[in-house]
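**Student:**
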Amino acid sequence: MAFNINVNGSAHSVDVDGDTPLLWVLRDVLGMTGTKFGCGMALCGACTVHVDGVATRSCITTIDSIGKSQITTIEAIGTTAVGATIQKAWLDHEVVQCGYCQSGQIMSASALLASNPHPTDADIDDAMSGNICRCGTYVRIREAIKLAAQSNGKGG
Amino acid sequence: MHLDRIASRTADTHLSRRNFLAASAAVGGGLMLSLGLPFGRSEAAHSDGFAPNAFIRIGSDGQIVLTMPYVEMGQGTYTAIPMLIAEELEVGLTQVRLEHAPPNEKLYANPLLGVQATGNSNAMRGAWKPLREAGATARMMLVAAAAKQWGVDPNACRAQDGEVIHTASGRRPKYGELAGEAVNMPVPQNVTLKSPDDFKLIGTPAKRLDAPAKVNGTAVYGIDARPPGVKVATLAQSPAFGGRLKSLDGTATMAVKGVRQIVQLDDTVAVVADHMGAAKKGLEALKIEWDDGPHATLATEEIARELEQATLGAGALAQNIGDADKAMEGAVTKVEATYQVPFLAHATMEPMNCTVHFRKDECEIWIGSQAVARIQAMAAEAAGLPTDKVIVHNHLIGGGFGRRLEADGAVRAVEIAKHVGGPVKVVWTREEDIQHDMYRPYWFDRISAGLDDQGKPVAWKNRFAGSSVIARWLPPFFKNGLDTDSTEGAIDLLYDLPNFHVEYVRVEPPGIPTAFWRSVGPSHNVFVTESFIDELAAAAKQDAVAYRRALLDNSPRAKAVLDLAAEKADWGQSLPKGSGRGVSLQSVFGSYMAQVAEVEVSKDGTVHLRRVVCAIDCGTAVNPNTVQAQIQSGIIFGATAALYGEITLKNGRIEQTNFDTYQMLRMNEAPAIEVHIVKSTEQPGGMGETGTSAIVPAIANAIFAATGKRLRKMPADASVLKQPA
Numbered sequence: 408m409a410f411n412i413n414v415n416g417s418a419h420s421v422d423v424d425g426d427t428p429l430l431w432v433l434r435d436v437l438g439m440t441g442t443k444f445g446c447g448m449a450l451c452g453a454c455t456v457h458v459d460g461v462a463t464r465s466c467i468t469t470i471d472s473i474g475k476s477q478i479t480t481i482e483a484i485g486t487t488a489v490g491a492t493i494q495k496a497w498l499d500h501e502v503v504q505c506g507y508c509q510s511g512q513i514m515s516a517s518a519l520l521a522s523n524p525h526p527t528d529a530d531i532d533d534a535m536s537g538n539i540c541r542c543g544t545y546v547r548i549r550e551a552i553k554l555a556a557q558s559n560g561k562g563g
Numbered sequence: 005m006h007l008d009r010i011a012s013r014t015a016d017t018h019l020s021r022r023n024f025l026a027a028s029a030a031v032g033g034g035l036m037l038s039l040g041l042p043f044g045r046s047e048a049a050h051s052d053g054f055a056p057n058a059f060i061r062i063g064s065d066g067q068i069v070l071t072m073p074y075v076e077m078g079q080g081t082y083t084a085i086p087m088l089i090a091e092e093l094e095v096g097l098t099q100v101r102l103e104h105a106p107p108n109e110k111l112y113a114n115p116l117l118g119v120q121a122t123g124n125s126n127a128m129r130g131a132w133k134p135l136r137e138a139g140a141t142a143r144m145m146l147v148a149a150a151a152k153q154w155g156v157d158p159n160a161c162r163a164q165d166g167e168v169i170h171t172a173s174g175r176r177p178k179y180g181e182l183a184g185e186a187v188n189m190p191v192p193q194n195v196t197l198k199s200p201d202d203f204k205l206i207g208t209p210a211k212r213l214d215a216p217a218k219v220n221g222t223a224v225y226g227i228d229a230r231p232p233g234v235k236v237a238t239l240a241q242s243p244a245f246g247g248r249l250k251s252l253d254g255t256a257t258m259a260v261k262g263v264r265q266i267v268q269l270d271d272t273v274a275v276v277a278d279h280m281g282a283a284k285k286g287l288e289a290l291k292i293e294w295d296d297g298p299h300a301t302l303a304t305e306e307i308a309r310e311l312e313q314a315t316l317g318a319g320a321l322a323q324n325i326g327d328a329d330k331a332m333e334g335a336v337t338k339v340e341a342t343y344q345v346p347f348l349a350h351a352t353m354e355p356m357n358c359t360v361h362f363r364k365d366e367c368e369i370w371i372g373s374q375a376v377a378r379i380q381a382m383a384a385e386a387a388g389l390p391t392d393k394v395i396v397h398n399h400l401i402g403g404g405f406g407r408r409l410e411a412d413g414a415v416r417a418v419e420i421a422k423h424v425g426g427p428v429k430v431v432w433t434r435e436e437d438i439q440h441d442m443y444r445p446y447w448f449d450r451i452s453a454g455l456d457d458q459g460k461p462v463a464w465k466n467r468f469a470g471s472s473v474i475a476r477w478l479p480p481f482f483k484n485g486l487d488t489d490s491t492e493g494a495i496d497l498l499y500d501l502p503n504f505h506v507e508y509v510r511v512e513p514p515g516i517p518t519a520f521w522r523s524v525g526p527s528h529n530v531f532v533t534e535s536f537i538d539e540l541a542a543a544a545k546q547d548a549v550a551y552r553r554a555l556l557d558n559s560p561r562a563k564a565v566l567d568l569a570a571e572k573a574d575w576g577q578s579l580p581k582g583s584g585r586g587v588s589l590q591s592v593f594g595s596y597m598a599q600v601a602e603v604e605v606s607k608d609g610t611v612h613l614r615r616v617v618c619a620i621d622c623g624t625a626v627n628p629n630t631v632q633a634q635i636q637s638g639i640i641f642g643a644t645a646a647l648y649g650e651i652t653l654k655n656g657r658i659e660q661t662n663f664d665t666y667q668m669l670r671m672n673e674a675p676a677i678e679v680h681i682v683k684s685t686e687q688p689g690g691m692g693e694t695g696t697s698a699i700v701p702a703i704a705n706a707i708f709a710a711t712g713k714r715l716r717k718m719p720a721d722a723s724v725l726k727q728p729a
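Protein chains in written order, with my numbering: chain L, 408 to 563; chain X, 5 to 729.
Here is the structure:
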């Protein structure tokens with residue numbers, strides 16, 4: 408059946424089975440490839456999007472569970488203040504390597520900062536441990552989140 | 005893998021060629037420099053004496069485009085390589101753009117590999133001199149063009165920031181305006197390269213050029229390719245290596261909405277659908293019976309036993325110094341051990357994938373590859389087409405680590421695409437990716453040493469057995485039972501070892517395919533040698549750093565990094581009970597590195613890696629920012645292997661499936677990492693893999709310091725380290 412979903416402020420109608428994971432609707436049906444496939448079991452975080460602002464693994468989120476929720480993906484996170492701050496911190500701190508997991512990392516980090524503007528190391532561990540980076544950019548991700556939190560504090 | 009020595013052995017004939025550069029008019033206007041990298045092994049180089057394999061175009065618009073065979077897989081090559089040209093050409097880094105080279109083994113052979121591939125941490129090592137020379141050549145030709153136009157002495161002009169400046173007249177045209185005329189200038193036969201003191205870019209931290217697209221979702225990896233009309237397929241390959249499809253019932257699959265087709269091969273089934281969600285659901289609905297084939301009962305233990313047996317026989321002599329047997333007889337103390345390292349999967353974050361459009365007389369491929377010419381050649385074979393009828397579009401790579409030096413995925417995708425009308429993207433599930441990887445080999449080492457009355461090693465013997473990846477991947481480079489990758493880190497040790505004997509026994513395990521894996525040979529050898537030297541220090545009742553240091557009189561660069569790491573890591577200062585520091589020292593991939601790891605071992609045997617201090621002498625650090633990033637990366641990669649990494653076989657199949665059973669180090673486990681770079685003007689060494697091989701023994705040695713337990717089999721096993729209740 409057809410499902411009407413709202414992604415990055417735009418309405419879309421997609422005709423797929425109700426148990427289809429949101430990840431594949433985004434990537435293969437809507438052609439928004441910024442959200443990545445990593446494991447299919449919510450073990451790696453590469454597919455993280457925001458559903459009503461909450462970091463969510465799109466690979467296990469079925470399309471019939473979305474309803475009227477607002478979905479935000481990496482393609483639009485830069486239009487939010489906190490998303491733009493995170494992206495800038497990522498660039499200033501030279502976080503990325505292969506970059507494949509970074510969409511998910513940025514989505515998790517921006518959800519963290521949106522709900523907790525000044526996270527402690529333990530808060531960062533809690534929010535980010537679900538996102539695997541095989542290039543091992545963890546040290547820089549942690550620093551970049553702290554950098555973003557600082558500029559947050561200055562209203563940046 | 006470490007093929008420098010091979011390359012240097014075959015290089016002499018090509019080095020004698022004088023002219024490695026040619027100039028011509030660029031298509032669309034401007035100056036084109038064609039550049040022959042000096043170690044090129046291409047056939048073209050033999051036939052006419054000049055085989056360009058890199059191209060620099062200075063357009064009339066001033067844009068400088070470099071076409072290079074190296075690929076970006078996260079290691080920062082696309083940022084560091086342009087620095088070499090920009091430095092000598094006197095332009096800003098942002099003016100140089102790097103483009104993927106199309107597949108062409110003859111044109112783009114990697115100077116240190118002899119084939120078109122990015123691996124062996126050698127992009128920078130291959131490019132270091134020739135690309136700076138090319139930049140200087142272009143600069144001199146642009147200056148000559150300006151001087152001729154004005155009728156002045158070229159020495160009265162200088163190049164700066166993309167302009168040629170004539171100080172006396174104040175004229176300063178941009179390169180773009182001069183590029184067309186520069187084509188007519190003679191190519192200078194001798195260029196003088198800048199002294200390191202005058203470097204403006206090299207040695208300064210440069211921002212990655214590929215970063216912006218990687219933070220906003222616009223970067224396009226192989227898995228993101230979407231040619232018009234593309235379908236998505238996912239596959240199940242025979243769970244047991246060498247097995248075959250016995251029977252298949254696809255009734256339920258074809259009823260899944262969005263499923264279009266089931267493709268059946270001898271040992272694989274693929275479900276083609278409108279999207280991956282339907283393909284996966286369709287695959288799960290398949291009723292498949294497999295014939296497990298000849299390896300139906302194969303288990304890791306069987307392979308390990310075979311390797312162990314092999315170390316009792318004779319191997320190929322990798323290196324001999326003095327007389328180790330005789331010296332062993334006279335030794336006061338003897339230390340003997342066996343070591344084992346497991347099979348490992350790559351688990352790149354981007355699962356294996358390949359998009360293929362198979363047409364009657366040609367085949368188009370979209371993929372992210374470290375070895376695009378290999379993809380083209382092997383895909384052509386699978387497609388039954390001539391090589392030039394296979395068009396390969398290379399993409400960004402979501403993690404390589406050696407996995408994407410292989411063409412098995414492309415071959416499989418072509419086999420499937422042959423049965424599909426229109427383009428099909430074949431995407432491996434994570435489970436398929438882990439269970440049908442090509443694995444870092446299992447190795448078994450039998451090692452012994454004799455110490456004199458001062459505890460100094462007077463004899464060192466090592467015989468190890470395992471797969472040779474080179475023998476399959478680059479067969480001509482496996483000679484007399486040896487290849488340089490398998491022995492890298494086991495021979496040519498930094499230490500003064502007067503009686504030294506090392507043998508390698510090539511044993512190919514049944515069933516399971518092996519492949520390069522970040523740092524490959526050294527990932528095994530450095531673990532063994534640096535753990536064993538630690539055992540010798542313990543047997544001699546000496547400090548692990550002091551013991552090593554006393555054996556380094558002939559290795560000043562190694563001694564310097566060891567001292568630096570020890571000092572920065574507070575070596576010798578006390579730690580709480582249950583914690584310990586371990587050191588490692590290596591010279592692989594052309595770089596010297598020392599690491600000190602600090603671990604805490606819980607009562608239940610869990611190892612927590614708290615801090616890693618690394619000192620590196622990689623010669624000239626072209627982009628120190630990338631050097632630091634690569635070390636951080638290599639350490640996390642190696643620590644993951646040391647703490648968790650193990651692929652095991654049972655009943656002919658891999659037991660691990662996803663990130664729950666093949667664990668990765670995560671944010672909450674990541675150590676603090678300090679990187680100290682030794683200032684140097686030496687030729688750059690490799691950086692992509694060194695951090696990985698050094699961390700494994702540093703962790704094992706730290707665990708020994710913390711618990712008194714010596715780990716001779718990786719990964720760390722909590723049940724071994726657990727304290728009695």
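For each residue, glycine too, the CB sits at the ideal point set by N, CA and C.
1) Any idea if residue 559 of chain X is buried or exposed, counting beta-carbon neighbours within 10 angstroms, 16 or more meaning buried?
2) Do we get a CB-CB distance below 8 Å when we pair residue 428 of chain L with the residues of chain X?
3) For residue 513 of chain L, which residues from the same chain have a beta carbon less than 7 Å from its beta carbon, with the 5 sequence-adjacent residues on both sides left out?
4) By alpha-carbon positions, which one of X:64, X:85, X:79 and X:80 ends up nearest to residue 71 of chain X?
5) With a Cβ-Cβ cutoff of 8 Å, do residue 172 of chain X and residue 87 of chain X count as a contact?
6) Say whether chain X places a C-beta atom closer than 8 Å to the C-beta of residue 541 of chain L.
7) List, in order along the chain, the chain X residues whose C-beta lies closer than 8 Å to that of residue 453 of chain L?
8) Exposed or buried, which one is residue 411 of chain L when buried takes at least 16 other CB atoms within 10 Å?
9) Does residue 3 of chain X get closer than 8 Å to chain L when you measure Cβ to Cβ?
10) Taking the beta strand (DSSP E) that residue 613 of chain X falls in, what are its first and last residues?
11) Could you spell out where the alpha helix (DSSP H) holding residue 82 of chain X opens and where it closes?
12) Run through the stretch 121-164 of chain X for me and flag every whole beta strand (DSSP E) of 3 or more residues, listed as ranges in chain order.
13) Does any C-beta atom of chain X lie closer than 8 Å to the C-beta of residue 486 of chain L?
14) Please list, in chain order, the residues of the stretch 701-729 of chain X that have any C-beta partner in chain L closer than 8 Å.
15) Closer than 7 Å between beta carbons: that is the criterion. Which residues of the stretch 649-679 of chain X meet it against chain L?
16) Check whether chain X comes within 8 Å of residue 501 of chain L, counting only Cβ atoms and requiring the distance to be less than that.
17) Considering Cα atoms alone, identify which of X:351, X:387 and X:347 is closest to residue 365 of chain X.
18) Can you tell me which of X:236, X:93, X:214 and X:216 puts its alpha carbon nearest to the alpha carbon of residue 438 of chain L?
19) Between X:459, X:518, X:165 and X:353, which has its C-alpha nearest residue 732 of chain X's C-alpha?
20) On a Cα-Cα basis, can you pick out the residue from X:599, X:402, X:35 and X:26 that is closest to residue 350 of chain X?
21) Who are the Cβ neighbours of residue 410 of chain X in its own chain at under 7 Å, not counting the five residues just before and after it?
22) Can you round the beta-carbon distance between residue 522 of chain X and residue 650 of chain X to whole angstroms, since I take them to be within the 8 Å contact cut?
23) Can you check which of these residues, L:444, L:428 and L:546, is closest to residue 473 of chain L by C-alpha distance?
24) If residue 1 of chain X sits next to residue 555 of chain X, beta carbons under 8 Å apart, how far is it from one beta carbon to the other, in whole angstroms?
25) Looking at chain X, is there any beta carbon in it that lies within less than 8 Å of the beta carbon of residue 473 of chain L?
26) Who are the near neighbours of residue 531 of chain L in its chain, counting only those whose CB is closer than 6 Å to its CB and skipping five residues on each side?
27) Under a three-way DSSP split, which group does residue 42 of chain X fall into?
28) Assuming residue 656 of chain X and residue 311 of chain X make a contact with CB atoms under 8 Å, what is their CB distance in whole Å?
29) What's the call for residue 255 of chain X, buried or exposed, on a 16-neighbour Cβ count within 10 Å?
30) Using a Cβ cut-off of 7 Å, pull out every chain L residue sitting near residue 236 of chain X, in sequence order please.
31) Would residue 412 of chain L pass as an interface residue toward chain X - the criterion being a Cβ-Cβ separation below 8 Å?
32) Please name the residue or residues paired with residue 358 of chain X in a DSSP beta bridge.
33) So, helix, strand or coil for residue 497 of chain X, using DSSP?
34) Where does residue 343 of chain X fall in DSSP's three states?
35) By the 10 Å Cβ neighbour count, where 16 or more other Cβ atoms means buried, how is residue 462 of chain X classified, buried or exposed?
36) Could you tell me whether the Cβ atoms of residue 37 of chain X and residue 142 of chain X are closer together than 8 Å?
**Tutor:** By the coordinates alone:
1) By 1-based counting over the second sequence, the position of residue 559 of chain X is 555. So residue 559 of chain X counts as buried.
2) Looking up residue 428 of chain L in the first sequence gives position 21. At a cut-off of 8 Å between beta-carbon atoms, residue 428 of chain L makes contact with chain X.
3) For the purposes of this step, residue 513 of chain L is identified with residue 106 of the first sequence, where counting begins at 1. Excluding sequence neighbours, residue 513 of chain L sits near 481, 484, 493, 494 and 497.
4) By 1-based counting over the second sequence, the position of residue 71 of chain X is 67. That would be X:85, whose Cα lies nearest to the Cα of residue 71 of chain X.
5) By one-based count along the second sequence, residue 172 of chain X stands at place 168. By one-based count along the second sequence, residue 87 of chain X stands at place 83. Contact flag unset, no.
6) Mapped onto the first sequence, residue 541 of chain L falls at position 134. By this cut-off, residue 541 of chain L is an interface position.
7) Residue mapping note: residue 453 of chain L aligns to position 46 of the first sequence, counting from 1. Neighbourhood of residue 453 of chain L in chain X, by CB distance below 8 Å: 353, in chain order.
8) Position 4 of the first sequence, counting from 1, holds the residue named residue 411 of chain L. It counts as exposed.
9) A query on residue 3 of chain X cannot be resolved here, the shown segment of chain X reaching from 5 to 729 and no further.
10) Along the second sequence, one-based indexing puts residue 613 of chain X at 609. Start and end: 611-621.
11) Numbered from 1 along the second sequence, position 78 holds the residue referred to as residue 82 of chain X. 81-93 is the extent of the alpha helix (DSSP H) around residue 82 of chain X.
12) 161-164
13) Position 79 of the first sequence, counted from the start, is the residue given in the question as residue 486 of chain L. It does not; no Cβ of chain X falls within 8 Å.
14) Along the stretch 701-729 of chain X, none of the residues has a CB nearer than 8 Å to a CB of chain L.
15) 662, 663, 664, 668, 670, 671, 672, 674 and 677
16) As a position in the first sequence, residue 501 of chain L is number 94, starting the count at 1. Residue 501 of chain L counts as touching chain X.
17) Mapped onto the second sequence, residue 365 of chain X falls at position 361. The option with the nearest alpha carbon to residue 365 of chain X is X:387.
18) The residue labelled residue 438 of chain L in the question sits at position 31 within the first sequence. For the residues X:236, X:93, X:214 and X:216, the minimum Cα distance to residue 438 of chain L belongs to X:236.
19) The first residue shown for chain X is 5 and the last is 729, placing residue 732 of chain X beyond what the model contains.
20) Position 346 of the second sequence, counted from the start, is the residue given in the question as residue 350 of chain X. Minimum Cα distance to residue 350 of chain X is reached at X:402.
21) Indexing the second sequence from 1 puts residue 410 of chain X at position 406. Within the same chain, residue 410 of chain X has close Cβ partners 442 and 519.
22) Reading the second sequence from its first residue, position 518 is the one you call residue 522 of chain X. Reading the second sequence from its first residue, position 646 is the one you call residue 650 of chain X. Not quite, the Cβ-Cβ distance comes to about 16 Å (not below 8 Å), so this is no contact.
23) Numbered from its first residue, the first sequence carries residue 473 of chain L at position 66. It is L:428 whose Cα lies nearest to the Cα of residue 473 of chain L.
24) Summary: the structure shown does not reach residue 1 of chain X, with chain X confined to residues 5 through 729, and so no result is reported for it.
25) As a working mapping, residue 473 of chain L is identified with position 66 in the first sequence. No, residue 473 of chain L lies away from the interface with chain X (no Cβ there is under 8 Å from its Cβ).
26) Position 124 of the first sequence, counted from the first residue, corresponds to residue 531 of chain L. Contacts found: 549 and 552.
27) Here residue 42 of chain X refers to the residue found at position 38 of the second sequence. In this prediction, residue 42 of chain X has a pLDDT of 42, which is less than 50 and means its spatial position is unreliable; what the coordinates show is noted afterwards. Correct three-state label for residue 42 of chain X: coil.
28) Taking the first residue of the second sequence as 1, we reach residue 656 of chain X at position 652. Taking the first residue of the second sequence as 1, we reach residue 311 of chain X at position 307. For a cut-off of 8 Å, the C-beta gap from residue 656 of chain X to residue 311 of chain X is around 18 Å, too long to register as a contact.
29) As a position in the second sequence, residue 255 of chain X is number 251, starting the count at 1. It is exposed - the Cβ of residue 255 of chain X has fewer than 16 other Cβ atoms within 10 Å.
30) Residue mapping note: residue 236 of chain X aligns to position 232 of the second sequence, counting from 1. Listed by position along chain L, the residues whose Cβ is nearer than 7 Å to that of residue 236 of chain X are 435.
31) Within the first sequence, residue 412 of chain L is the residue found at index 5, counting from 1. Closer than 8 Å: no.
32) As a working mapping, residue 358 of chain X is identified with position 354 in the second sequence. Paired residue(s): X:430.
33) The sequence position of residue 497 of chain X within the second sequence is 493, counting from 1. It is coil, neither helix nor strand.
34) One-based indexing of the second sequence puts residue 343 of chain X at position 339. DSSP places residue 343 of chain X in strand when its eight states are reduced to three.
35) As a working note, residue 462 of chain X is residue 458 in the second sequence. By the 10 Å Cβ count, residue 462 of chain X comes out buried.
36) If you number the second sequence from 1, residue 37 of chain X lands on position 33. If you number the second sequence from 1, residue 142 of chain X lands on position 138. Cβ distance < 8 Å, so residue 37 of chain X and residue 142 of chain X count as in contact.
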